[in-house]
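Mapped onto this note's numbering, the consecutive letters of the sequence shown carry residue numbers 24 to 136. Take a look at the structure below.
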Amino acid sequence: MGSLDRGVLTGFICRLCSEMHRVVLHIYGEEGIRLCISEKINRYLSINVSRSDPLPKTICKNCLERLENQHRLVMRIEQAANMLKGQRRARVGRGCYVSLCDSNSPPHPPIPK
24 MGSLDRGVLT
34 GFICRLCSEM
44 HRVVLHIYGE
54 EGIRLCISEK
64 INRYLSINVS
74 RSDPLPKTIC
84 KNCLERLENQ
94 HRLVMRIEQA
104 ANMLKGQRRA
114 RVGRGCYVSL
124 CDSNSPPHPP
134 IPK
């Protein structure tokens with residue numbers, strides 16, 4: 024396959040796992056832009072990528088799948104949070120009491136008078 028330097032120059036090293044792969048996706052290529060790979064990396068991981076940094080601009084299939092799974096998870100969490108906030112606003116707007124307690128927990132004992 025060649026030296027590590029050659030792998031970096033020819034784009035066979037994954038930016039995320041730093042392993043060499045025969046098949047990689049270019050982060051700033053047509054498909055990488057369509058999938059918003061750089062935006063997802065910058066949002067979900069503790070690293071930043073840019074066109075001007077000197078590190079590899081490719082990602083392997085395994086890391087791409089993990090990144091897409093992370094994206095789907097965050098989208099579900101945000102969607103659920105928005106739905107719950109909307110339900111809470113609707114209940115509060117109707118004057119309903121919204122309890123933060125677990126419905127399966129036993130009721131609190133009465134407060135002595």
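All C-beta atoms, glycine included, are put in the ideal place defined by N, C-alpha and C.
Item: Close Cβ partners of residue 86 (< 6 Å) along its chain, the five nearest in sequence each way excluded; Value: 37, 39 and 40
Item: Inter-residue Cα distance where the pair is residue 79 and residue 55; Value: 13 Å
Item: Sequence-distant residues of the same chain with beta carbon closer than 8 Å to residue 94, five excluded per side; Value: 63 and 67
Item: Residue 71 versus residue 101 - alpha carbon distance; Value: 22 Å
Item: Residue 59, buried or exposed, once every other Cβ within 10 Å from all chains shown has been counted against 16; Value: exposed
Item: Alpha carbon of residue 31 to alpha carbon of residue 98, nearest angstrom; Value: Confidence in residue 31 is poor, its pLDDT being 44 and thus under 50, which makes the residue's placement unreliable; the coordinate value appears in the next sentence. Rounded to the nearest angstrom, the two C-alpha atoms are 33 Å apart.
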